[in-house]
Ligand code: C5P
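As structure tokens, then:
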């Protein structure tokens, strides 16, 4: 990244855990404030052994949340609210202890409770003694956290405060700042790129008044189109019939059937990014010209396969968008099915979710996804579909920034 990042209006919840490197969190606060971000700090009991609440408070120009967080304070600013009123949670230094708590899902102090309660992205800058870093327990905890989508920066290698040498040093505050800026993706990160997004269900007519359809609301696809547009992409949203407003700054093409959707996607090419979120009907029937009558007896339909838009576009060869993302709505073996689907369809990523009725995801306001890439799979915590969209758009932007 060139120059100082602009983080105007971004809200960071900084968790300062215990460790000799805690003092570097003060420098990070200064850099974040300078970049325009607001910083709320949480000082763990261990962190308070290394830096004082007073100095943290002075740099944040806000109160510091400590273990002394009382019930009165909790009623003013609940744990959940505190953990969700930020754009990003940052843990500096990420001690072996806090990594273990996060991996195990412990919630026995304010910091670990916030980390468990949040639906926002989390960035950890690990720092600890080299032997602690290389211990099998820490290695397993790091793998668990990475698998859950926790972002990491560092550690660096070098001489340590304890006199040893090796990996375990906290990344430099300027590097942590760059990692924060990369995650928060300032507007414009996708400027100059064209994204095609499909959304909603398709309707496959049976006769002039009836059709085959599914329960997709289009909320997730529309939210993704909006998030990509906010990052500066030129977005073409190809939508089946939905009851949603057009997202701002997005060109919307309305279609009904899968075949119309495919034709609209082809017409919208070339694109750099394709996100196929629509719940496309797999089959259509040749519709009757006149309304079917009950008296005419039980109708029999021949089902014909619809074009598989995701697969067709993934297989385009030279004209293929650089990043093709498919969705997988599954009711069983989500991880396994999604991984197989990624290969079968030839796409880059699969966003999978469990759409069993009791999850309330299909047609609901929230989503809990598994992102399957070539590198493996990550589970993202349940969050509003808009938040999932923002996070997916940021991840897409990171591919184009690379
Ligand atoms: O095969 P399945 O329908 O489970 O795959 C889901 C993914 O494929 C979604 O991304 C969906 O938008 C896409 N798809 C498509 N065209 C179809 C069927 C599915 O683009 N005809």
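In my numbering, the protein residues as written are 1349 to 1750. Where is the CB? At the ideal position from N, CA and C, for every residue including glycine. In this text, all values refer to a predicted model and were calculated from it rather than measured experimentally.
- Not one heavy atom of the ligand C5P falls within 6 Å of the beta-carbon of residue 1744.
- By the neighbour-count criterion, in which a residue is buried when 16 or more other Cβ atoms sit within 10 angstroms of its Cβ, residue 1474 is buried.
- Taking 7 Å as the cut-off, the Cβ atoms of residue 1586 and residue 1609 count as close.
- When distances are taken from the beta-carbon of residue 1674 to the heavy atoms of the ligand C5P, the shortest one is below 6 Å.
- Under the Cβ criterion (8 Å, minimum of three pairs), the segment 1589-1596 counts as touching the segment 1555-1573.
- Annotation for residue 1656 indicates a beta carbon within 6 Å of some heavy atom of the ligand C5P.
- If you draw a straight line from the Cα of residue 1367 to the Cα of residue 1710, it comes to about 44 Å.
- Judged by DSSP secondary structure, residue 1666 falls outside any alpha helix (DSSP H); it is assigned neither H nor E.
- Per the DSSP secondary-structure output, residue 1587 pairs in a beta bridge with 1547 and 1602.
- Between the segment 1615-1622 and the segment 1669-1684 there are three or more inter-stretch CB-CB distances shorter than 8 Å, so the stretches are counted as touching.
- Where residue 1649 is concerned, there is no enclosing beta strand (DSSP E), because DSSP gives it neither an H nor an E.
- Distance from residue 1538 to residue 1748 at the Cβ level is roughly 6 Å; contact confirmed, criterion being Cβ atoms closer than 8 Å.
- A contact is defined here as three or more CB-CB pairs under 8 Å, and the segment 1514-1533 fails this definition with respect to the segment 1554-1563.
- Put simply, of 1720, 1507, 1508 and 1443 the residue whose alpha carbon is nearest the alpha carbon of residue 1487 is 1443.
- A Cβ-Cβ separation of about 15 Å leaves residue 1525 out of contact with residue 1361 under the 8 Å criterion.
- Where residue 1624 is concerned, the enclosing beta strand (DSSP E) starts and stops at 1621-1624.
- Proximity of the beta carbon of residue 1626 to the ligand C5P is indicated: a heavy atom of the ligand is located closer than 6 Å.
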